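This report concerns only the one structure given below.
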Amino acid sequence: MQTLKKLSERFWYQTPVSETDRPILGAVVGNDLTLMIDAGNSEDHATYFLEELSKNGIPRPSLAVITHWHWDHIFGLSALDFPSISSKETKTKMKELIPFDWTDEALNDRVKKGIEIEFCAAAIKQEFQEHRDIHIKLPTVTFDKKVEIDLGGVTCILLQVGGDHSSDSIVVYIKEEKPLFLSDCIYANMYAPKNNYTVLNTLRLLDILDTFDAETYILSHWKPVTKKEYQQEVNTLRSIAKLTEKFKGKKQAITEAYIEQISRELNEDELETIEFFVNGYMLNQQD
Ligand SMILES: [Zn+2]
42 MQTLKKLSER FWYQTPVSET DRPILGAVVG NDLTLMIDAG NSEDHATYFL EELSKNGIPR
102 PSLAVITHWH WDHIFGLSAL DFPSISSKET KTKMKELIPF DWTDEALNDR VKKGIEIEFC
162 AAAIKQEFQE HRDIHIKLPT VTFDKKVEID LGGVTCILLQ VGGDHSSDSI VVYIKEEKPL
222 FLSDCIYANM YAPKNNYTVL NTLRLLDILD TFDAETYILS HWKPVTKKEY QQEVNTLRSI
282 AKLTEKFKGK KQAITEAYIE QISRELNEDE LETIEFFVNG YMLNQQD
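So the sequence shown is numbered by the numbering used here: it starts at 42 and just counts up by one.
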């Protein structure tokens, strides 16, 4: 069950759905304009979000920002009757999706060829059970690197931060209230032979994110987390990145050193993070 929640005076968000991979959608409500964050994984998803906003008396958005090109953040765009904004790179990547068919056969074929990933193909089939009305609509406005949007009494900074998950990733920072909408940027790269993190991209991304004076961090497939929770996550990523470099991607050595560093057994998430860094190290060696 998706619910619309109010995080701060100006920021609302709708909770995600894991089975169909629906990410969090956000709305920043200014005195003059409402900004929608991400368009959702389908027209149904986008429409449902707009209905929920309306039920809660929130002024209809007049602009949508797209955080990166992945299907679950863009397929809802065709349901919106207002303009959208993205990085130039996001638009370029979205253009590449235009020729694709989205039938089961076409999806299966792309999974076989390594163009699409099984996880996404399965979620698309799950989201679009009855009608697969997928039309790639491109963003109206694009920007390079950074743009600031004044919504009236509240300002959003859109900054392209890249990272392993997707090099076109942007974050949205709500200046006056300090939530930082990370979307998927700190997740691993899934569009690769193996899910992976690379040392260089991770450390570079985390340094950029540190330049924001944020209090809450929104992870699109999870929830808003506090600064403390975010920092724990970031410490894990930084420590494992550094150990990956030190031990040249040797899994056993990284694991043992990390256990010693934190003086306890590792949980599943930490073991997975190590595996992703090892994968990234190996993939870099092959280049
Ligand atoms: Zn993504």
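The beta carbon of each residue, even a glycine, is placed where N, CA and C say it ideally should be.
What you are looking at is a predicted structure, and each value in this text was computed from that prediction instead of being measured.
Alpha-carbon to alpha-carbon, residue j and residue i
{"i": "VAL182", "j": "ALA120", "result": "17 Å"}
{"i": "ILE65", "j": "THR196", "result": "20 Å"}
{"i": "GLU92", "j": "GLY67", "result": "13 Å"}
{"i": "ASP62", "j": "THR75", "result": "25 Å"}
{"i": "ARG101", "j": "GLN201", "result": "26 Å"}
{"i": "GLU334", "j": "HIS109", "result": "Absent from the structure is residue 334, since the part of the chain shown begins at 42 and ends at 328."}
{"i": "ILE177", "j": "GLY117", "result": "9 Å"}
{"i": "HIS111", "j": "LEU246", "result": "19 Å"}
{"i": "ASP73", "j": "LYS187", "result": "21 Å"}
{"i": "TYR291", "j": "PRO57", "result": "The sequence shown places Lys at residue 291, rather than the Tyr named in the question. Taking the straight line joining both Cα atoms gives about 35 Å."}
{"i": "LEU148", "j": "LEU138", "result": "12 Å"}
{"i": "ALA87", "j": "LYS287", "result": "45 Å"}
{"i": "ASP205", "j": "LYS166", "result": "26 Å"}
{"i": "GLN326", "j": "VAL319", "result": "11 Å"}
{"i": "ALA164", "j": "THR131", "result": "21 Å"}
Identity of the residue in the options nearest residue i by Cα
{"i": "ARG51", "options": "GLN201, TYR214, ASP142 and GLU316", "result": "TYR214"}
{"i": "PHE253", "options": "GLU297, ILE198 and LYS186", "result": "ILE198"}
{"i": "VAL70", "options": "GLU217, PRO124, THR277 and ASP251", "result": "GLU217"}
{"i": "ASP145", "options": "ASP122, PRO124 and ILE175", "result": "ILE175"}
{"i": "LYS136", "options": "ILE115, GLU301 and PHE123", "result": "ILE115"}
{"i": "GLU256", "options": "LYS47, LEU250, THR267 and ASP248", "result": "THR267"}
{"i": "LYS129", "options": "ILE156, ARG305, GLN43 and ASP185", "result": "ASP185"}
{"i": "PHE317", "options": "LYS96, TYR89, MET231 and ILE303", "result": "MET231"}
- Item | Stretch-stretch touch, CB-based, cutoff 8 Å, three pairs: the segment 223-233 with the segment 247-267 | yes
- Item | 4-residue-minimum alpha helix (DSSP H) runs that sit fully inside the segment 216-300, ordered along the chain | 240-251 and 268-287
- Message: To test your reading of the DSSP string, which unbroken beta strand (DSSP E) runs of 3 or more residues are found completely within the segment 159-210?
- Response: 182-184, 187-191 and 196-201
- Query: Between the segment 230-247 and the segment 276-283, do three or more beta carbon pairs fall short of 8 Å?
  - Reply: yes
- What residues come near ligand 1, if near means a beta carbon less than 6 Å from any of its heavy atoms? HIS109, HIS111, HIS206, SER207 and ASP225
- Item | Ranges of the beta strand (DSSP E) found wholly within the segment 89-136, counting only runs of at least 3 | 104-106 and 125-128
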